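Sequential numbering of the sequence shown, starting at 21, is according to the numbering used here. A virtual CB, placed ideally from N, CA and C, is assigned to each residue, including glycine. Please read all numbers here as calculations on a predicted model, not as lab measurements. Scroll down for the structure; my scribbles are underneath it.
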Amino acid sequence: MSEYELVVRGGTVVTGTDTIRADVAVSGGRIAAIGTGLAGATRIDADGLLVLPGGVDTHCHIEQLQRGGGADEESWTTGSTACLAGGTTSVISFSTQFKGAGILAPLAEYRQRAAKAMVDYGFHQIITDATDEVVWKEIPQVVSEGVRSLKVFLTYDPLHLDDRAFLRVLAAARRNGAMVTVHCENYEAINWRTEALLKAGLTAPKYHAWSRPAMIEREATHRAIALAEMVDQPIQVFHVSCAEVAEEIARARARGLKVWGETCTQYFVLAAEDMDRPGFEGAKFMCSPSPRTQADHAKLWREIRSGTLDVISSDHSGWSYGHPKGKPVNGTDAPFRDIPNGVPGLAARLPVLFSEGVAKGNIDLNTFVRVTATNPAKLFGLYPKKGSIAPGFDADLVLWDPAKKTTLTNAHMQHAIDYTPFEGMEITGWPVATLRRGEVVMRDGKVQAEPGSGQYLPRGPYDMATPRGVLPDGFDASAYA
Ligand code: URP
Ligand code: ZN
Ligand code: ZN
21 MSEYELVVRG GTVVTGTDTI RADVAVSGGR IAAIGTGLAG ATRIDADGLL
71 VLPGGVDTHC HIEQLQRGGG ADEESWTTGS TACLAGGTTS VISFSTQFKG
121 AGILAPLAEY RQRAAKAMVD YGFHQIITDA TDEVVWKEIP QVVSEGVRSL
171 KVFLTYDPLH LDDRAFLRVL AAARRNGAMV TVHCENYEAI NWRTEALLKA
221 GLTAPKYHAW SRPAMIEREA THRAIALAEM VDQPIQVFHV SCAEVAEEIA
271 RARARGLKVW GETCTQYFVL AAEDMDRPGF EGAKFMCSPS PRTQADHAKL
321 WREIRSGTLD VISSDHSGWS YGHPKGKPVN GTDAPFRDIP NGVPGLAARL
371 PVLFSEGVAK GNIDLNTFVR VTATNPAKLF GLYPKKGSIA PGFDADLVLW
421 DPAKKTTLTN AHMQHAIDYT PFEGMEITGW PVATLRRGEV VMRDGKVQAE
471 PGSGQYLPRG PYDMATPRGV LPDGFDASAY A
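Structure follows, in structure tokens:
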């Protein structure tokens with residue numbers, strides 16, 4: 021009898037720190053051994069391929085509930101298919117709160133919807149209304165259900181929190197051992213510039229970038245860090261668009277603060293000029309914070325190499341170009357302010373980042389694995405189950421052809437959205453098979469997994485979300501307010 025259920029033979033195994041030629045043995049859905057000459061009941065030949073940990077995408081909006089009922093176009097079925105096609109095996113998506121209501125009922129509905137997932141999944145809890153009930157009763161409840169991260173928006177109507185409400189959420193997170201993720205842009209500055217742009221008749225999609233220049237992202241990032249420092253609460257700054265903002269995180273880290281930075285695929289490829297296309301076309305590239313300039317891409321890679329930015333996620337937020345509830349929900353001549361923000365990118369994330377990052381020499385293979393799998397798993401309490409290849413980890417593996425050339429089109433993405441902002445990119449490197457807990461769920465682009473076969477990932481207490489214990493004057497205000 022073979023010692024192991026499955027052996028992936030002869031590939032080059034890559035983790036966040038090491039690259040070795042080895043076999044990977046799997047039993048009971050977990051990695052059982054790494055070595056040479058391993059034998060299993062089933063064998064997958066990985067000669068000439070890289071064996072990577074399954075991607076961990078800790079920021080994506082899948083079937084997110086919408087105010088007034090219904091949910092985003094991307095369902096858990098289509099979203100999971102896209103993930104597995106692109107080599108991602110775990111995601112963290114968002115349970116919502118609508119102002120004037122609590123967080124428990126939407127979470128219960130969201131859990132039901134996510135039960136159809138084919139990818140393993142956890143949730144962040146969005147907080148848009150920091151009432152006493154929410155911060156003292158409901159946040160403890162959702163944390164006890166394994167939702168160990170909160171997201172707050174410092175901008176966007178009707179989601180944004182003012183500084184006082186943000187402090188109440190930071191304090192609640194501190195009391196409950198949860199991470200806080202922050203959308204950092206200055207609400208009042210964006211509104212002021214938007215009002216001026218619209219009065220000046222500058223309404224086309226490209227003015228989205230003009231409404232929110234980098235310094236208002238930098239300011240909000242600085243403020244979020246200062247307030248988190250005062251509360252002594254770890255935070256992750258989401259979707260950092262450029263080095264100017266990352267520098268705020270570097271300063272915080274140099275002072276020993278628990279502040280981490282995430283950026284997204286689109287900030288290495290897209291630029292504000294993409295929104296300057298004829299007619300409504302620019303809406304396809306509209307997300308917040310705004311894509312910056314071509315020159316910013318190289319600077320952002322530097323922030324990855326230096327370790328200031330730890331995570332590259334997709335921030336997949338899909339709105340079809342031709343769907344009445346998608347980008348044109350308010351008409352194809354709507355001013356930029358009224359066009360939904362977000363770009364799709366679940367399946368594109370790993371191929372685009374491998375191609376732009378590894379194949380073009382901007383990062384090495386181990387850094388690629390760290391920022392797309394290991395660090396996101398660590399930062400959100402999924403480690404040591406997800407994010408690496410070592411005995412005991414879930415056998416989430418991607419067999420990757422590092423030399424394969426592909427012209428990326430929307431058909432490769434397998435999501436529900438009718439376009440990709442990365443259409444036509446020449447890509448080097450491609451996932452040829454995805455294994456989720458030892459099961460082959462994608463081979464040569466064909467996804468085969470049972471709806472509902474994804475597992476919920478409840479998250480318990482973990483070091484990165486634990487406060488440092490350093491408070492101004494030693495007074496813990498979070499115990500009172
Ligand atoms: O434009 C974006 N990023 N849309 C998704 C929502 C968010 O802010 O993460
Ligand atoms: Zn955001
Ligand atoms: Zn997002």
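Assign residue i to buried or exposed, taking buried as 16 or more other Cβ atoms, counted over all protein chains shown, within 10 Å of its Cβ.
i	result
Asn350	exposed
Lys304	buried
Phe495	exposed
Glu249	buried
Gly377	buried
Trp156	exposed
Ser110	buried
Met295	buried
Ser113	buried
Ala291	buried
Tyr500	exposed
Pro225	buried
Met433	buried
Ala193	buried
Ala272	buried
Arg479	buried
Just to confirm before moving on: does the CB-CB distance between residue i and residue j stay below 9 Å?
i	j	result
Met199	Ser169	yes
Ala379	Thr440	no
Gly338	Val363	yes
Ile123	Gln132	no
Arg63	Arg29	yes
Arg50	Phe413	yes
Trp321	Phe374	no
Gly74	Leu366	no
Ile324	Asn382	yes
Val76	Gly458	no
Ala244	Phe186	yes
Tyr141	Leu417	no
Leu70	Val34	yes
Asp67	Gly57	no
Would you check whether ligand 3 has a heavy atom nearer than 8 Å to the C-beta of residue i?
i	result
His79	yes
Ser502	Outside the shown range of the chain (21 to 501) lies residue 502, about which nothing can therefore be said.
Phe114	yes
Shorter than 8 Å, the distance from the beta carbon of residue i to the closest heavy atom of ligand 2, or not?
i	result
His13	Residue numbering for the chain in the displayed model covers 21 to 501; residue 13 lies beyond these limits and cannot be assessed.
His259	yes
Lys398	no
Lys333	Sequence inspection shows Ser at residue 333; the Lys mentioned does not correspond to that position. No - ligand 2 has no heavy atom lying nearer than 8 Å to the Cβ of Ser333.
Ser308	yes
Does any heavy atom of ligand 1 sit closer than 8 Å to the C-beta of residue i?
i	result
Phe186	no
Asn361	yes
Phe173	yes
Tyr130	no
Tyr176	yes
Q) Fully enclosed by the region 124–176, which beta strand (DSSP E) runs are 3 residues long or longer? A) Complete beta strand (DSSP E) runs here, min 3: 140–146, 169–173.
**Q.** Length-filtered (3 minimum) beta strand (DSSP E) runs lying within the region 424–450
**A.** Along the region 424–450, the beta strand (DSSP E) does not occur as any fully enclosed run of 3 or more residues.
Q. What runs of the beta strand (DSSP E), each 3 residues or longer, lie entirely inside the region 70–116?
A. The qualifying runs are 70–73, 75–77, 108–115.
(Q) Suppose only complete runs of 4+ residues qualify. What are the alpha helix (DSSP H) ranges in the region 268–305, listed by chain order? (A) None, since the region 268–305 contains no complete alpha helix (DSSP H) of that length.
Q: Please list the segments of the alpha helix (DSSP H) lying wholly inside the region 190–261, counting only runs of 4 or more residues, in order along the chain.
A: Contiguous alpha helix (DSSP H) elements confined to the region 190–261 occur at 207–219, 227–231, 234–251, taking only those with 4 or more residues.
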